[in-house]
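Novice:
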Amino acid sequence: MQGTRIAIVVVVLIGLAFGIGAYTFIYAKGASYLTTDPAACANCHVMQEHFDAWQKSSHRNVATCSDCHMPHDLVGKYTEKATNGFLHSLAFTTGRFPDPIQIRPVNRAVTEAQCRHCHATITEAIEWGTVGADRHEAGPAAHRAAGARPQVHDGIIEGDRLSCIRCHTYVGHWVR
Amino acid sequence: TTIFEHRQEARNPFYRVVALTDTTTDPAVWGKNFPLQYDDYRKTVDMVYTRYGGSEAMPHTPTATDPRQLTAESRLAEDPRLVDMWKGYAFSKDFREERGHAYMLEDQMFTERQQATPQPGACIQCHASVYVPYQRAGNGDLIAGFTKVNHMTYLEARKLVTHPVACIDCHDPQTMQLRVTRPGFMIGIKAYQASRGVKDYDVNRDATRQEMRTYVCGQCHVEYYFKGAEKQLTYPWSKGLRVDSIYAYYDSTGHKDWTHAISGAPVLKAQHPEFELFNQGIHARSGVACADCHMPYKREGALKISDHHVRSPLLNIQRACQTCHKVSEEELKQRVYTIQDRTYETRNVAIDALLALTHDIGKARQADSTDPKVALAQQYQRAAQFYTDFVEAENSMGFHADQEAVRILADAVNFARLGEAALRGEAVPRRPLEALAASAHLPRRGVPAGLSDSARRETRRKVGGDPAVGAAPGGR
Amino acid sequence: TTIFEHRQEARNPFYRVVALTDTTTDPAVWGKNFPLQYDDYRKTVDMVYTRYGGSEAMPHTPTATDPRQLTAESRLAEDPRLVDMWKGYAFSKDFREERGHAYMLEDQMFTERQQATPQPGACIQCHASVYVPYQRAGNGDLIAGFTKVNHMTYLEARKLVTHPVACIDCHDPQTMQLRVTRPGFMIGIKAYQASRGVKDYDVNRDATRQEMRTYVCGQCHVEYYFKGAEKQLTYPWSKGLRVDSIYAYYDSTGHKDWTHAISGAPVLKAQHPEFELFNQGIHARSGVACADCHMPYKREGALKISDHHVRSPLLNIQRACQTCHKVSEEELKQRVYTIQDRTYETRNVAIDALLALTHDIGKARQADSTDPKVALAQQYQRAAQFYTDFVEAENSMGFHADQEAVRILADAVNFARLGEAALRGEAVPRRPLEALAASAHLPRRGVPAGLSDSARRETRRKVGGDPAVGAAPGGR
Ligand SMILES: [Ca+2]
Ligand SMILES: [Ca+2]
C-alpha cells in the first residue's frame, strides 16, 4: 500500500517536472535556486522581504542565502537546491504555502549546520564534547546510560547541542 | 569518550595542564586547565547593586561570632515589617540581601540566625562544595552521605567542607559536561516528574543539555524544608511546582516551620523559589535557561565561553539580553524595572494586608485563645503568609514570571481578607485552597480555567469538539 | 488565480473604478476600488468563539423591541454575579459578549439597556459611521457636529446614520492614509499628551503611521463617560492612561455613573479600556499596534494587504502572531490561554471580594444609613468596583497587558479588604488612592517605586549618581 502510494507520487512528480513543472520551474525562475546569487533568490517576490532584511543584516557581506540555507557539501547542496527549487517553485505557482513563510524543520537543521560550518573555531569551547557526538554516542554526561530520551525541537536534536538560532535569530535577516 | 579524545577530532581549545578526578574539589586546580572560567568565577566577590538586585557592600565591625568586615545590606533594616512577618523565627533576627557565590559559605556560617537557633547539617548542601564530602561520608554512596550529613549539626557538617560551590558541583571532571550533584534536587525533580506522569526520572540521564543549564542552578535556588526529626532536606514538589501545589503539599503533610509569635499561627517560610517561579514564566516556556541570562556567552579572543561571573543580568545586559532582544540597554533595563516596580508595589500591599490580619488574630487570641474563629483565621494567615513570602523570598522581584508573581500576591491579599472574615465569624471554607478554588474556578465556555491539560482535553471531549476554538453558524 | 496574475498584481495594486470624496460613506462604493479589503470587511459578520473571545451565535426570538434573530451570548447569564455588581444600572439588564463590527449599530439599537434607560445621542460616535453625519450636523465643523449630536436623544441621533464603522471613518478618501475622525479621541489624546508635557497635540498631524495603526482603534476601544448635563462624550485621560490616573480623574471630578442599588455607593462603570490597558503592556512598549494583530498583513496573490476581517487574533494565529513569534500555533494559543486563565481566575476572586463588601455595606446601611463608616466603606467599594470592572470590561482577558491586569485586580481585592475594615470602624485613609499609595510606595534603594521617569531622575540626582546601577567597593 505504502509502496504503491509512493510510486504514484514519484510518477506524478516526474510528470510534473517534465510537463507543467518545467514551465513552472522556468517561468517562476526556479533555476535561481541553482545559483548562489542572493538577488536570484529575490527573483521571487515572496523572498523579497528576506532579501531586504538580509541586506541590512550583519551577514550581508559575509554569507549569501545559500551559505546559510544549503549544505556545504556539493552533493547535499545540489540535492537540496533541486528539492527546494522544485518544491518552492510549485508552491509559488499554486500559491499554496504558509503565510508568513516558515522554515521547515529539515531546512532549519541545514542552517544550524551551516552556522557551525563557518563558526567552528569560535564555537569550539561551547561545542566540544558534543562535536560529532550526539547523545546516541556519548550523551550529555559520559555516565548517562543509553536509552535516554532524545528530544527534538524544531528539527534540532536537543540532546547535546544548543541551537544557535535560538539566541541568534537575527543574524540572517529579521523580518519582524 | 572523554574530551581528550574529542580534541583530536574537534580541536579542543583547552589545554590539559593537570589531571582532574572525581575528588578534585579545589577550583584553583581546575583553573589550571580552564583559566578563563576560573577568573570569572572568582569575580563573584564583586558587590554591585541594581534597583532590586545585586548587593550593597556594607562595612561590618567584626565581632566574636561574626568576623566579616563586609556584609550585604540588611533587608530587615530596609523594611522593618519583615521583622513582624517572621516574628518568632530566626529570620526576624537577621536577613540580608544575597550576594555572589564566593560568599555563600561565610554568609551561612556567620548569619545571626545561627545564634538564634542551632541549625542542622542539612543546611550545608547549598552553601558549599559538598560533592566530595558527601561521597566520603557515604563511602562512595552520594545519597547515603547526604542523609548522614543531614543528621549532623551544622558545625559538624561545616568541618567537612572547604569551598563554596565549585567546578566539581556542576561539571563532570572528565567530559566537563554539566551534571546535577545535589541529592535534594535529584529526589525532588524525580517526584515532580512523577506527578506529571514521567516514571523513574533520572536527571543526569534524561535531561537535555539545555535543561541542565537550568537544573544546575535549580539544585539550590529552590524552596525547601527539613522533613521530620531526621531533618531530611526536601524539595516540596511531589504535587507540582506552582505555589498552590507546594502549599497543598504542606497542607497535606501538616508541616509548619514555626509558630508565629504574634498570632500563634502554624506558619511556613518560603525560601528563594527562583526555579519554581521561573518555571511559570514566559522565558522558561520559551526554552530559555538560567545560564542564558546569568552566565551568558562572552567572547574571549577566538573563543566564546560561558561567563562564570554569575550575577544580576542587569549588570551585563548586552550579553545577557541583547542577543535575543534587539532593543537598547536602557530600554531593557526599563522593561525589567517596570515589571519589578509593579511587583514590588503589590508585594507591599500584600505585606500590609498580611500584617493587619496577623495583628488582628493576635488581639482576638489574647481575648479568647480557645475561640475556634481564631484557629480558622490562623489557617488563612498561614496561606497569606506563604503566598506573600513566595514572592518576597524569590529574588528577581517578579521578573522571572511577572504575571504569576502578581497573581500570587492577589491571592495572598484575598486570603488576608478571608482571614478577617473568619475572625468576624463569617462562614468561610475550612481550608484556604478550597476558598481559592471556589472563587477562582468558574468554568467559562464549558472549560473550567486552571485545569490541567489532560483534564481540559477530557472536558472538551465531553462538551463536544474543541470549545477553545469552536465554530458557530455565521450570520451571513 | 494564475501565475500570470500574480506577477501582474505585484505591479498594479489598485484600480480606481470610482471617485471617492469626503462624503462617500457607503463602503460598497469604496469596495469598487478596493474589493479585497471590502470582502474581508464584510466578513465581520462571522461569529466564532475562542475560550474567552470571539462570540457565540445565539438564536433569538424576535420581539417588538428587538427584531434580531441572532445575538451574541449573554454575559449576565454566564456569570450572574455581574447582575449584582451592576445592580441599579442598565448593564444589569443586558450585557453581551461583543461581536464583529458589522453588528455594532443593531446591537446598540436593540440592547435592552435602551429600554432600561433612555440613552443619549453621544452613544452613536462609536457605533456608526458618523464622519459625514457629524460634518453635516456641524455645517462642515466636525467638533460642532459632534457636540450637537451628543445633546440629542439616541433615537434622534440614530436617524442621522446608516452604516456601522465604514472605510471613511479610518481612511482619507484621496490618499487612503489612516486618519482619526472621532472628536472624543482627538480631545482625549490631546489631554493625555498634555499630561506628559506635549503641548497642543494634533493626532492627525503629529502621530506616526505606526501610532495611527493603534489610534484608529483607540477611537472607540476606550473607557469613556458622559460629562455633565450636556452629555459630552469624554475620555478621562487628562491625568494619564493607567487605571490609577483614570480613577484619580474621576475622584477629582466627583463623577459617578450611578448609585449602587445594594450599597448606595456612588459607583463607576468601566467600559472596554482596550487602548488604555494595552498601553501598559509589553507589546505596546515594543511598538506593536492593534492592527498588527487584529488586521495582520495577508498575502492575496502577489499583494500584501491588511486583513479587514477584524477579529480575535486567535482565529488567525499564523498571520497575527507568527510573523513575530517563530513557535507553533498551538504553543501560541497555549501562551495566550495561560495568561487569560490566570487573569480570569483572579478576576473571579476579585468579583467575590467586591460583592462581599457590597452586601456588607448594604446590611450596615439598612441598620443605620447615616453611619459615617458606611460612607467611607462606600468609597472603597467605588474603587474596588472600578478596578475590578477595568479588567472585566477589557476584552482581551488580560492578554493586552498581563501583569498590569492582575496587578489591578490585586489592588481591587485590597480595596475590598479595606472597605471591610472601614465598616468595622478601623482607621483607614479617607481616599482609597491614598491607602494604595501608603501601602505600595515604599522606597527601595532610595528610589520610590512607581515614580514617573522625571521624578525618578530627580530622586536619583538627589541621592547622588544612578542608584539603579551603582557600584560599591568590591571585596577583592
Ligand atoms: Ca542579590
Ligand atoms: Ca467578542
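Chains as they are written, first to last, in the working numbering: chain A, 53 to 228; chain B, 76 to 551; chain C, 76 to 551. Backbone N, C-alpha and C fix where the C-beta goes; we use that ideal spot for every residue, glycine too. Because the structure is a prediction, the values reported are computed rather than measured.
Answer with yes or no whether the minimum CB distance from D125 (chain A) to chain C is below 7 Å.
Specialist: It does not; no Cβ of chain C falls within 7 Å.
Novice: Check whether the Cβ atoms of D435 (chain C) and L498 (chain C) lie closer than 7 Å to each other.
Specialist: Against a cut-off of 7 Å, the Cβ pair of L498 (chain C) and D435 (chain C) comes out as a contact.
Novice: Comparing alpha-carbon positions, which option in B:A450, B:S270 and B:V385 lies nearest P371 (chain B)?
Specialist: Comparing Cα positions, the closest option is B:V385.
Novice: V481 (chain C) versus chain B: which residues are under 8 Å apart at the beta carbon?
Specialist: Those within 8 Å of V481 (chain C) in chain B are Q478, V481, R482 and A485.
Novice: Is any heavy atom in ligand 2 found nearer than 6 Å to the beta carbon of G128 (chain C)?
Specialist: Checking every heavy atom of ligand 2 against the Cβ of G128 (chain C), one is found closer than 6 Å.
Novice: Using a cut-off of 8 Å between C-beta atoms, extract the partners of D151 (chain A) located in chain C.
Specialist: Correct list: K373, R374, Q393 and R394.
Novice: Quick one, are the C-beta atoms of R417 (chain C) and Q478 (chain B) less than 7 Å apart?
Specialist: It is a contact, given that the beta carbons lie within the stated cut-off.
Novice: Please report the straight-line C-alpha distance between T88 (chain A) and C117 (chain A), rounded to a whole angstrom.
Specialist: Cα to Cα, T88 (chain A) sits roughly 7 Å from C117 (chain A).
Novice: Anyone know if the C-beta pair for G196 (chain B) and Y209 (chain B) falls short of 7 Å?
Specialist: It is not a contact, given that the beta carbons lie outside the stated cut-off.
Novice: If you reduce the DSSP assignment to three classes, tell me which class R156 (chain A) lands in.
Specialist: DSSP places R156 (chain A) in coil when its eight states are reduced to three.
Novice: Where does I262 (chain B) fall in DSSP's three states?
Specialist: Residue state, collapsed to three classes: helix.
Novice: Are the beta-carbon atoms belonging to I380 (chain B) and A172 (chain A) less than 7 Å from one another?
Specialist: No, Cβ-Cβ distance for I380 (chain B) and A172 (chain A) is not below 7 Å.
Novice: Pairs of beta-carbons, one from the region 350 to 370 of chain C and one from the region 287 to 299 of chain C, closer than 8 Å: are there three or more?
Specialist: They touch, by the three-pair rule.
Novice: Helix, strand or coil: which one does DSSP assign to L378 (chain C)?
Specialist: In this structure, L378 (chain C) counts as strand in the three-state DSSP scheme.
Novice: Count the other C-beta atoms from every protein chain shown that fall within 10 angstroms of the C-beta of P193 (chain C), then say buried if there are 16 or more, exposed otherwise.
Specialist: It is exposed - the Cβ of P193 (chain C) has fewer than 16 other Cβ atoms within 10 Å.
Novice: With H, G and I counted as helix, E and B as strand and the rest as coil, what does DSSP make of S167 (chain B)?
Specialist: Helix at S167 (chain B).
Novice: Listed in chain order, which residues of the region 116 to 131 of chain C have Cβ atoms closer than 7 Å to some Cβ of chain B?
Specialist: Per Cβ criterion, the list reads V120, D121, M122, V123, Y124, T125, R126, Y127 and E131.
Novice: DSSP three-state call for F89 (chain B): helix, strand or coil?
Specialist: DSSP places F89 (chain B) in coil when its eight states are reduced to three.
Novice: Quickly, what does DSSP pair R271 (chain B) with across the bridge? List them, please.
Specialist: In the DSSP output, where bridge partners are listed per residue, R271 (chain B) has none listed.
Novice: According to the neighbour-count rule (16 or more other Cβ atoms, all chains shown, within 10 Å of its Cβ), is R482 (chain B) buried or exposed?
Specialist: So R482 (chain B) ends up on the buried side.
Novice: Consult DSSP for G191 (chain A) and reduce its assignment to one of helix, strand or coil.
Specialist: Note that G191 (chain A) has pLDDT 36, beneath the 50 cutoff, so the model's placement of it is unreliable and the number below is only indicative. DSSP places G191 (chain A) in coil when its eight states are reduced to three.
Novice: Is DSSP giving R519 (chain C) helix, strand or coil here?
Specialist: Three-state DSSP puts R519 (chain C) in a strand.
Novice: Is any heavy atom in ligand 4 found nearer than 6 Å to the beta carbon of E181 (chain C)?
Specialist: Although ligand 4 was asked about, the structure shown includes only ligand 1 and ligand 2 as ligands.
Novice: C167 (chain A) CB to nearest chain B CB: under 7 Å?
Specialist: Judged by the 7 Å Cβ criterion, C167 (chain A) is not in contact with chain B.
Novice: Whose C-beta lies closer than 8 Å to the C-beta of D464 (chain B) among residues of the same chain, with five residues either side of it excluded?
Specialist: Same-chain partners within the cutoff: M160, L343, K344 and A345.
Novice: Kindly examine ligand 1 and report whether one of its heavy atoms sits closer than 6 Å to the Cβ of E172 (chain B).
Specialist: For ligand 1, at least one heavy atom lies less than 6 Å from the Cβ of E172 (chain B).
Novice: Quick one: is H369 (chain C) near chain B, going by C-beta distance under 7 Å?
Specialist: No - not a single Cβ of chain B is within 7 Å of the one on H369 (chain C).
Novice: Three-state secondary structure (DSSP) at M195 (chain C)?
Specialist: Looking at the sequence shown, residue 195 (chain C) is not Met but Pro. Strand, per DSSP.
Novice: I want to verify the contact list: residues of chain B whose CB lies under 8 Å from the CB of I174 (chain A), in sequence order.
Specialist: By Cβ distance, chain B contributes R374, A377, L378 and K379.
Novice: From the DSSP output, in three-state form, read off V342 (chain C) for me.
Specialist: In the structure shown, V342 (chain C) sits in a strand (DSSP, three-state: E or B).
Novice: I'd like to know if S529 (chain B) contacts chain C, where contact means its C-beta is closer than 7 Å to some C-beta of that chain.
Specialist: Model confidence at S529 (chain B) stands at a pLDDT of 47, short of 50, so the residue's coordinates are unreliable; what they give is reported in the following sentence. S529 (chain B) does not count as touching chain C.
Novice: For the beta strand (DSSP E) containing T309 (chain B), list its first residue and its last residue.
Specialist: Element bounds for T309 (chain B): Q307 to T309.
Novice: Comparing the C-beta of T289 (chain C) with each C-beta of chain A, is any distance below 7 Å?
Specialist: No, because no Cβ of chain A sits closer than 7 Å to the Cβ of T289 (chain C).
Novice: Under 8 Å Cβ-Cβ, which residues of chain A neighbour K401 (chain B)?
Specialist: Here the neighbours are Y222 and W226.
Novice: Within the 7 Å Cβ cut-off, does A105 (chain A) reach chain B?
Specialist: Not closer than 7 Å to any Cβ of chain B, the Cβ of A105 (chain A) fails to qualify, so no.
Novice: Taking Q355 (chain C) as the query, report the chain A residues whose CB atoms sit under 9 Å from its CB, ordered along the chain.
Specialist: The premise fails here: Q355 (chain C) is roughly 22 Å from chain A at the closest Cβ pair, so nothing lies under 9 Å.
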